[in-house]
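Notes follow once the structure below has been shown.
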Amino acid sequence: MALRKNTLVLLILISSFSIFIASISDIISVNIEAMEARAVDSSNKMSHISGDRGTIMSNNADNLLWFLQVSDTHISIFRDPSRLSDLHSFCKLTIPAIKPSVVLVSGDLTDAKAEDNMGSAQYEQEWKNYRDLLNKCNLGNHTTWLDIRGNHDNFNIPDAKSSWNYYRQYSQQGKKNPRSYLYQLSKGNVLYSFLGVDACLEPGPRRPFNFVGMLNVQEGNHVNSLIQQVESSGSNYTIWFGHYPTSCILSSGPEDIRDLIGKHNGSLVYLCGHFHTFGGTVPNMYTLQKKGFLELELGDWMDNRLIRLLAVDHGLLSFVDLKHGEWPAILVTNPKHALYHIVGREPRNLIATSTHVRILVFSLDKIKLVQVRFNEGSWVKANHEGGPLFTVPWMPELYATGVHYMQVKAVDSTGRNQTITHPFSVDGTRLTFRFLPRFILMSNISTVFQVFFGATLFVCVVPLCFVKYLHSQVTAKKRERPHLRPRYLNLWLRRLWVLSSIDRIFYPLTLYAVYITVGPWSIGAVIEGHVGAIFAWGIIVNGSYLPGSFTYAYGFLQLLVVQVPLTLILSCYLHKRLMWRIKGKKVCFKDSWPSQTAFGVLIALQMMFAYFFWLAYGTMAFFLGPLRTWSTLLSAFLWYQAVFLPDYCLREARDVWSPKKDVPKAEEIPIAVNPSSSQ
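Sequential numbering from 1 applies to the sequence shown in the UniProt record's numbering.
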């Protein structure tokens, strides 16, 4: 019977793990064959690839556009003034050197964090500094500056018309385009469209509950109208940009952001920021979405000073992420990087029929030499065709199958040099995006937060309730006490059993975990001057409902960092008290110091969390805060109950686990004293 039970448990675990892996695989998989079939079906309607037939990429500069992206500048009046001074250098030196047609600035223009780094508000001086920078750099003589809001630019904004919404007053585009907008650029006979998506919450709460964006019905309809403008204009290529990755944008309308981008045949790429490369752990956050477009998250300017150079060359999109101030900058546009093929949205066979390798090279000083070699062959000098374009004649049929590697070396007149390695394929052979970037960008981050929250809630509540049920069955003599192998599992069963048998601790502990899912976490100034209520499932403030998303991540951390440790600490201490009771010993600090020390650390951590919450949302939110403040009081109350618990409260657990009923091995239960001396 025991073997059959173990086998059943193993099968359930294997099945659950298989379902989990299959779900992850479904999220990050892309059906290339379906994309190709869709491309064939719609080829007659796709004006953006009309140049596929009869067009040959040679050594001329026709049908070529390059531009820049920068993200998360976080201009602050409290921290790191070099963010602003380096951005000034970027505008005064880098932009004139590269001469981009457009500079996309994808959100978080200002920092909007208080001096204590916890509170948040819009500081007008930060916006004035941003505006002064644009004026001093006189960008209109060099490029078109397309900026858009990020979540930091939307902290503490009660509505779009608020006087605190400084984006409308000080940004480059805010006066004319307060939210999503379209900019079109014609070069030669090619029309390029740049479509910016503003998914900022309205109203915009203070941090931290302003992490995820949302397209409401009104904004979704507006974006649809912009798509119609693009299609009616005969645009060839569309570049989408915004602050939030698509995984971070909720939608209250019938179409989500990926649907909107994917349904437009001219869409090549969605450019975003926001994630800051997760502190450097995911530096190249790129993927091909199921809808057939690239999504490229750019690391931040704030700490890493990253910029992105992009080009559309005869419909082929290429890009490279660069560190500010590193020269020369090299971007190969033909043959295209093997990882970034956009099936069905880029001209097919252009690489195979091209006559020249095409490379863009930029530096602050004149380019002295550009060389190319294939697969560790001999270096060949590239020809300068004018501007940043360098070319090398080649025979693509020599590289007809599989992935090959090209190296490009550039040297400028001051001796600065750069060498890059560029994988490419002529037949469309693809490299594979890494798992983490695919999962982060292709999942729904809100669903991920909910799953983590739900799983942790399950761990906090269900095992205790199940053990409570077993205890009632055993004490009612309806079943035998379970015995687990190995011994450490039996030890933890015993610890949880003791805790669940004590009602004055069990019920407050489990009911609080359940309360977190339904009750308000706090009531306070979610937006300055506007009292709101924060729940796991959303925020109600200023007459609006903001669906829950990052709240689930916040709740997950509360359960993981507070609720789970508290349960373990209480169960260990109460089990130790039971052992003392069985032995007839009195409680002493020498035996209980690990639990007492762990609880001291936990209560200090909770007090710190409560203090941070007070800094973020004010005094009312602190005192009316079941999540942070009241949970600290609850922990102290439960610890008091555990320490000063009357011995008779342990009687039920003792009757189940005492050796007088069952004589286990000595290492599992200490030997009991005479029953008369233990009462």
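Don't be surprised by glycine CBs; every beta carbon is placed ideally from N, CA and C.
Given the structure is predicted, the values throughout are model-derived calculations rather than measurements.
**Item:** Cα-Cα separation, S631 to S251
**Value:** Between S631 and S251, the C-alpha separation is close to 33 Å.
**Item:** For P347 and S50, the rounded distance between their alpha carbons
**Value:** Low per-residue confidence applies at S50: pLDDT is 45, beneath 50, and the placement is therefore not dependable, though the value from the model is reported in the following sentence. Their Cα atoms are separated by approximately 8 Å.
**Item:** Three CB pairs or more closer than 8 Å across the stretch 286-306 and the stretch 376-385
**Value:** Counting Cβ pairs under 8 Å, fewer than three are found: no touch.
**Message:** Please report the distance separating the alpha-carbon of D41 from that of I77.
**Reply:** With a pLDDT of 48 at D41, under the threshold of 50, the modelled position of this residue cannot be trusted; read the value that follows with caution. When the Cα atoms are used, D41 and I77 turn out to be separated by approximately 54 Å.
**Request:** Note the first and the last residue of the continuous beta strand (DSSP E) segment covering C272.
**Result:** In the DSSP assignment, C272 falls within the unbroken beta strand (DSSP E) covering S267 to C272.
**C-alpha distance - F466 paired with S71, whole-angstrom precision** = Cα-Cα distance, rounded: 50 Å.
**Asked** What do you reckon, are the CB atoms on V498 and L602 nearer than 8 Å?
**Response** The answer is no: Cβ separation not under 8 Å.
**Asked** In or out: I505 buried (at least 16 other Cβ within 10 Å) or exposed?
**Response** Label assigned to I505: buried.
**Message:** If you measure between the beta carbons of W145 and L134, is that distance less than 8 Å?
**Reply:** Yes, they are a contact pair.
**Message:** In whole angstroms, give me the CA-to-CA distance for S193 and R179.
**Reply:** In this structure, the CA atom of S193 is about 17 Å from the CA atom of R179.
**Asked** DSSP on K45, reduced to helix/strand/coil?
**Response** In this prediction, K45 has a pLDDT of 45, which is less than 50 and means its spatial position is unreliable; nothing more can be read from the coordinates.
**Item:** Euclidean distance between Cα positions of F211 and W593
**Value:** Rounded to the nearest angstrom, the two C-alpha atoms are 40 Å apart.
**Prompt:** Rounded to a whole number of angstroms, what is the C-alpha to C-alpha distance between D412 and N265?
**Reply:** Using only the alpha carbons, I get a separation of about 40 Å.
**Item:** Cβ pair C200, R149 closer than 8 Å
**Value:** With a cutoff of 8 Å on beta-carbon distance, C200 and R149 are scored as near each other.
**Message:** Here's a check: name, in chain order, each residue in its chain whose Cβ is nearer than 6 Å to the Cβ of residue 716, leaving out the five neighbours to either side.
**Reply:** As displayed, the chain neither begins before 1 nor continues past 679, which places residue 716 out of reach and without an answer.
**Asked** So what's R373 in DSSP terms, helix, strand or just coil?
**Response** Residue state, collapsed to three classes: strand.
**Asked** Alpha carbon to alpha carbon, how far is I445 from S247?
**Response** Distance between I445 and S247, taken at the CA atoms: about 5 Å.
**Asked** Which first and last residues belong to the beta strand (DSSP E) in which W145 is found?
**Response** For W145, the enclosing beta strand (DSSP E) has its first and last residue at T144 to I148.
**Message:** Just verifying my parser: in three-state terms, what is the DSSP assignment at D80?
**Reply:** Three-state DSSP puts D80 in coil, outside helix and strand.
**Item:** Alpha-carbon spacing of V643 relative to P254, whole angstroms
**Value:** One C-alpha to the other measures close to 55 Å.
**Request:** Would you check if the stretch 619-631 and the stretch 476-490 touch, i.e. whether three or more CB-CB distances between them fall below 8 Å?
**Result:** Counting Cβ pairs under 8 Å, fewer than three are found: no touch.
**Request:** Can you tell me the Cβ-Cβ gap for H88 and T110, rounded? I've got them flagged as a contact below 8 Å.
**Result:** With a beta-carbon spacing of about 15 Å, H88 and T110 fall beyond the 8 Å limit used to define contacts.
**Asked** Okay, do the stretch 216-228 and the stretch 290-303 touch, 3+ Cβ pairs below 8 Å being the bar?
**Response** The stretch 290-303 and the stretch 216-228 do not touch, with fewer than three beta-carbon pairs separated by less than 8 Å.
**Message:** Our contact map puts G299 next to C272 with C-beta atoms below 8 Å; I'd like the distance itself, whole angstroms only.
**Reply:** Contact between G299 and C272 is absent: CB atoms are separated by about 11 Å, not below the 8 Å threshold.
**Request:** Assess, as a yes-or-no matter, whether the stretch 357-371 is touched by the stretch 85-100 under the definition of 3 or more beta carbon pairs within less than 8 Å.
**Result:** A contact exists between the stretch 85-100 and the stretch 357-371.
**Item:** Own chain partners of G196 with C-beta closer than 7 Å, once the 5 adjacent residues on each side are dropped
**Value:** Only L146, I148, S180, Y181, F241 and G242 meet the Cβ criterion.
**Message:** Alpha carbons only, please: which of D256, G618, Q172 and L68 is nearest the one belonging to N221?
**Reply:** Comparing C-alpha distances from N221 to each of D256, G618, Q172 and L68 shows the shortest one belongs to D256.
**Item:** the stretch 533-550 contacting the stretch 458-473, beta-carbon criterion three pairs below 8 Å
**Value:** Proximity of the stretch 533-550 to the stretch 458-473 falls short of the contact definition, fewer than three beta-carbon pairs being nearer than 8 Å.
**Asked** Near V105, which residues of its chain fall below 6 Å by C-beta distance, leaving aside the five closest residues on each side in sequence?
**Response** Hits under 6 Å: V70 and D147.
**Request:** For Y340, name the three-state secondary structure that DSSP assigns.
**Result:** Here Y340 sits in coil by DSSP.
**Asked** Which word fits K113, buried or exposed, when buried means at least 16 other C-beta atoms lie within 10 angstroms of its C-beta?
**Response** K113 counts as buried, since at least 16 other C-beta atoms from the protein chains shown sit within 10 angstroms of its C-beta.
**Asked** What number of angstroms, rounded off, separates the C-alpha of V562 from the C-alpha of Y552?
**Response** Rounded to whole angstroms, the gap between the alpha carbons of V562 and Y552 is 15 Å.
**Prompt:** Buried or exposed: which applies to Y648, given that a residue is buried once 16 or more other Cβ atoms fall within 10 Å of its Cβ?
**Reply:** Within a 10 Å sphere around the beta-carbon of Y648 sit fewer than 16 other beta-carbons, which makes this residue exposed.
**Asked** When the Cβ atoms of the stretch 225-236 are set against those of the stretch 430-441, are three or more pairs found closer than 8 Å?
**Response** Touching, no, given that fewer than three Cβ pairs across the two stretches are closer than 8 Å.
**Item:** Which of helix, strand or coil DSSP assigns to K187
**Value:** Correct three-state label for K187: strand.
**Prompt:** Mapping DSSP to helix, strand and coil, what is I98?
**Reply:** I98 carries a helical assignment under DSSP once its states are collapsed to helix, strand and coil.
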